[in-house]
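In the working numbering, the protein residues as written are 118 to 423.
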């Protein structure tokens with residue numbers, strides 16, 4: 118490898134040793150054979166290395182059967198080279214892998230900057246919303262924490278969790294257009310007052326859709342009051358027509374609303390609020406989301422911050 122301009126910082130003979138060496142020396146790239154000593158083969162080692170350290174892996178092996186290649190492909194390798202290999206071919210494969218990895222790192226950094234900027238903007242909007250009165254103050258953080266926890270437990274992607282986190286801070290921004298007396302009696306409204314109240318998701322959507330954003334914030338906010346059975350508002354969509362992010366947010370918002378004191382009722386105790394949400398599983402709320410939500414509290418000890 119030296120004649121190709123690369124330093125070999127370490128070698129390993131088993132999958133277990135390979136993982137340990139990567140953690141120890143932090144190489145720029147790993148060339149991985151598939152058949153190794155020990156219980157862990159090269160594919161298993163590559164999967165663990167990628168998950169733990171994000172180090173690019175190029176397979177260098179004699180095995181080309183469909184089963185082996187299929188397993189290797191699932192690990193997201195940066196290359197798959199069959200032995201015997203010419204130096205020029207190896208050099209090109211390594212350079213391509215390093216270049217691709219560098220581009221991925223730059224994308225991650227840019228993504229982090231975009232997320233940070235958007236979060237700062239949205240938190241500023243949320244602070245403005247919370248000035249409206251006692252029934253919105255401090256809610257956004259709790260909604261975000263719970264919704265994000267549900268999303269992770271379901272297995273949503275980091276990107277989806279970010280979208281939920283951002284939407285949680287502004288899900289009620291459309292309420293700035295709603296008279297305070299209507300907001301204070303939101304659960305007891307009827308007639309024209311109910312119609313006015315139900316415009317708030319659409320009002321928020323009309324504003325958010327004008328903002329260029331990589332997350333579907335406008336649609337998450339628009340849909341968070343839709344019901345799984347189609348009885349919600351503002352558009353009456355149902356089931357998987359509703360974004361999963363909005364279905365998650367709906368449950369988190371519901372718990373926050375129930376456990377918050379209102380002018381016309383006391384806050385629900387947590388146990389009663391959980392029962393109330395459970396009773397609407399499959400009607401108002403996605404049953405899978407409710408199942409995960411209840412598991413967080415009943416089995417995993419999730420605690421709401423005061």
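Ideal Cβ placement from N, Cα and C applies to all residues, glycine included. None of the values given here were measured: they were computed from a predicted structure.
> Taking DSSP as the reference, what is the three-state secondary structure of residue 379?
Replying inline: Strand at residue 379.
> residue 280 bridges to which residues according to DSSP?
Replying inline: Listed as beta-bridge partners of residue 280 by DSSP are no residues whatsoever.
> Should residue 291 be labelled buried (16 or more other beta-carbon atoms within 10 Å of its own) or exposed?
Replying inline: Per the 10 Å Cβ criterion, buried.
> Would you call the region 142-151 and the region 169-176 touching, i.e. three or more CB-CB distances under 8 Å?
Replying inline: Contact between the region 142-151 and the region 169-176 is present, because at least three Cβ pairs lie under 8 Å.
> Per DSSP, residue 234 forms a beta bridge with which residues?
Replying inline: Bridge partners of residue 234: none, in fact.
>> Nearest by alpha-carbon distance to residue 413: which of 313, 269 and 325 is it?
In response: Proximity to residue 413 across 313, 269 and 325 peaks at 269, based on C-alpha coordinates.
> To which residues of the same chain is residue 393 closer than 7 Å at the C-beta, ignoring the five residues directly before and after it?
Replying inline: Contacts found: 375 and 385.
>> Using only CA atoms, which one of 165, 296 and 278 lies nearest to residue 316?
In response: Comparing Cα-Cα distances from residue 316 to each of 165, 296 and 278, the minimum goes to 296.
> Between which two residues does the beta strand (DSSP E) containing residue 147 stretch?
Replying inline: From DSSP, the beta strand (DSSP E) with residue 147 extends over 147-149.
>> Quick check: residue 95 and residue 260, are their CB atoms within less than 9 Å of each other?
In response: No statement about residue 95 is possible, as the shown extent of the chain runs from 118 to 423 and does not include it.
> Distance, Cα to Cα, residue 160 vs residue 272?
Replying inline: So the alpha carbons of these two residues sit roughly 23 Å apart.
> Can the beta-carbon of residue 287 be found less than 9 Å from the beta-carbon of residue 365?
Replying inline: In this structure, residue 365 does not lie closer than 9 Å to residue 287 by Cβ.
> Hey, how far is the Cα of residue 126 from the Cα of residue 207?
Replying inline: Cα to Cα, the separation comes out at about 17 Å.
> Rounded to a whole number of angstroms, what is the C-alpha to C-alpha distance between residue 215 and residue 163?
Replying inline: Residue 215 and residue 163: Cα-Cα distance of roughly 16 Å.
> Is residue 314 buried or exposed, if buried means 16 or more other CB atoms sit within 10 Å of its CB?
Replying inline: Buried, since its Cβ has 16 or more Cβ neighbours within 10 Å.
> Beta-carbon of residue 293 versus every beta-carbon of chain B: anything under 9 Å?
Replying inline: This model lacks chain B altogether; it includes just one protein chain.
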